[in-house]
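Numbering (the working numbering), first residue to last: 1424 to 1613.
Beta carbons are placed, not taken as given, at the ideal position from N, Cα and C, and that holds for glycine.
In this text the structure is predicted, and so the values were computed from the model without any measurement.
Notes follow once the structure below has been shown.
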Amino acid sequence: MDAEGAKHIANALRTNTTLTTLDLVRNEIGDEGAQHIANALRTNKTLTTLDLFYNRIGAEGTGHIADALRTNTTLTTLNLQNNEIGDEGAQHVADALRTNTTLTTLDLEQNGIGHEGAQHIADALRTNTTLTTLNLQNNEIGDEGAKHIAKALRTNTTLTTLNLFNNEIDDEEAQHIADALRRNASVNMV
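Quick look at the structure:
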């Protein structure tokens, strides 16, 4: 499915009142298709899970999804794994997390997110009170990004699961994260 197919799905979502899970895994909707889906999210009142794994969505498409998350009040799970959002897309998602009050699970695995993107997400985690699961596996946040995540973990009290596997984090920064976790009673799985 490409962007045109996503447009048809989005048109159906605008009027559908029963669908709770939409799985569009391994399609090629791209940024344009993400925009169509985002437009539907603004009005759809039933969708709780959206899986956009491996859809060639970049920062632009992520921006559209993030804009929709600012007003959407039903989506609880968003999977953007294996796309191309990078630091800019991570910033869009982080901006949405500051105001969104329903998203509990966010999967950003393997998206080329570096330390700048990690900083944006960490800043959002300081104020977000609903996200419980965050997957940042297989990105490139490195030591600098790990510092920001560690700082956020000192104040965030809702995150229970955090995946940082394969992020080029050295032992010293891993220690900073461990120290933050000692003060954080909510995270129970890293």
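CA nearest to the CA of residue i, picked from the options
i	options	result
residue 1581	1479, 1554 and 1428	1554
residue 1491	1525, 1441 and 1562	1525
residue 1470	1456, 1539, 1585 and 1461	1461
residue 1557	1485, 1439 and 1548	1548
residue 1456	1477, 1542 and 1563	1477
Host alpha helix (DSSP H) of residue i (start-end)
i	result
residue 1474	No alpha helix (DSSP H) contains residue 1474, which is instead part of the beta strand (DSSP E) from 1472 to 1474.
residue 1434	1426 to 1438
residue 1570	1565 to 1578
For residue i, the first and last residue of its enclosing beta strand (DSSP E)
i	result
residue 1502	1500 to 1502
residue 1446	1444 to 1446
residue 1556	1556 to 1558
Backbone secondary structure at residue i - three-state DSSP
i	result
residue 1507	strand
residue 1525	coil
residue 1584	strand
residue 1535	coil
residue 1490	helix
Own chain partners of residue i with C-beta closer than 6 Å, once the 5 adjacent residues on each side are dropped
i	result
residue 1424	1450
Residues of its chain near residue i, where Cβ-Cβ distance is below 7 Å and the 5 sequence neighbours each way are ignored
i	result
residue 1463	1433, 1436 and 1437
residue 1577	1603, 1606 and 1607
Item to check | contact_flag[the region 1593 to 1602, the region 1561 to 1569] where n(CB pairs < 8 Å) is 3 or more | outcome: yes
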